[in-house]
Amino acid sequence: MDEQKDVNGLQQALNHRNASIRFWGAYGLGNIPEKAQNALPFLKIALKDESDAVKIAAARALCRMNQMYPALEVLAGNLDNSNLIVGLYSALFIEDMNETHAIKILPEIDKAQDNPYEFTRRVANRLTTELK
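Structure follows, in structure tokens:
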């Protein structure tokens, strides 16, 4: 298996016309942060994608590459997304990161405990308990 081809394919997916393909490209790059360093500029561009799902997947990937800003703010800002699944995934992505980073957005996490979506509230409750 040619790992560089895999990284290149995921990177190319960030430019696909279909948001689902862009999401999975960013998500996949986040799964191999040590091999995807060349994709950093493309992931930073994806933070401004028209799809909020793509934005949070790119933010997750960047956080996993220790490129926290502005990625951390993108995740925090999407906790209350009108698309409830995007909000939930933002919470789950935050839950998976190092606590020293997550604590920086504790006010947004705390606010998400009042989210209209039960599952986002559950994750926010867990995070708030762990981080305080």
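What the sequence shown shows, in the numbering used here, is residues 2 to 133, in sequence order.
Cβ atoms here follow ideal geometry from the backbone N, Cα and C, with glycine treated the same way.
Computed from a prediction, not measured in an experiment: that's the story for all the values here.
Quick one: is residue i buried, meaning 16 or more other Cβ sit within 10 Å of its Cβ, or exposed?
| i | result |
| --- | --- |
| E109 | buried |
| D115 | exposed |
| G88 | buried |
| G10 | exposed |
Please report how far the alpha carbon of residue i lies from the alpha carbon of residue j, in whole angstroms.
| i | j | result |
| --- | --- | --- |
| N106 | E119 | A small correction: the amino acid at residue 106 is Ile; Asn does not occupy that position in the sequence shown. Their backbone Cα atoms lie some 20 Å apart in a straight line. |
| A59 | F94 | 11 Å |
| M2 | T101 | Bear in mind that the predicted position of M2 carries a pLDDT of just 48, short of 50, making it unreliable; the figure below should be weighed with that in mind. If I take the Cα positions, the gap works out to 36 Å. |
| L44 | G29 | 11 Å |
| Q5 | D81 | 36 Å |
| T129 | A113 | 9 Å |
| E131 | E96 | 10 Å |
| C64 | A72 | 6 Å |
| K56 | Q13 | 16 Å |
| G26 | N39 | 14 Å |
| S91 | N79 | 6 Å |
Under a three-way DSSP split, which group does residue i fall into?
| i | result |
| --- | --- |
| I110 | helix |
| R18 | coil |
| D7 | helix |
| G42 | The identity of residue 42 in the sequence shown is Pro, whereas the question assumes Gly. In this structure, P42 counts as helix in the three-state DSSP scheme. |
| D97 | coil |
| K36 | coil |
Report the residue from the options whose alpha carbon sits nearest the alpha carbon of residue i.
| i | options | result |
| --- | --- | --- |
| L48 | I33, M66, I22, L76 | L76 |
| R18 | D111, N84, S52 | S52 |
| D50 | K36, N67, L73, F24 | F24 |
| D41 | L15, E74, G78 | The residue asked about is misnamed: residue 41 is Leu in this sequence, not Asp. If we check each option's Cα against that of L41, L15 comes out closest. |
| E74 | I104, N126, S83 | I104 |
| A193 | Y70, A62, I46, N126 | The displayed coordinates of the chain run from 2 to 133. Any statement about residue 193 would go beyond what the structure contains. |
Fully enclosed by the stretch 51-95, which alpha helix (DSSP H) runs are 4 residues long or longer?
As far as the stretch 51-95 is concerned, its whole alpha helix (DSSP H) runs of at least 4 residues are 53-65, 72-78.
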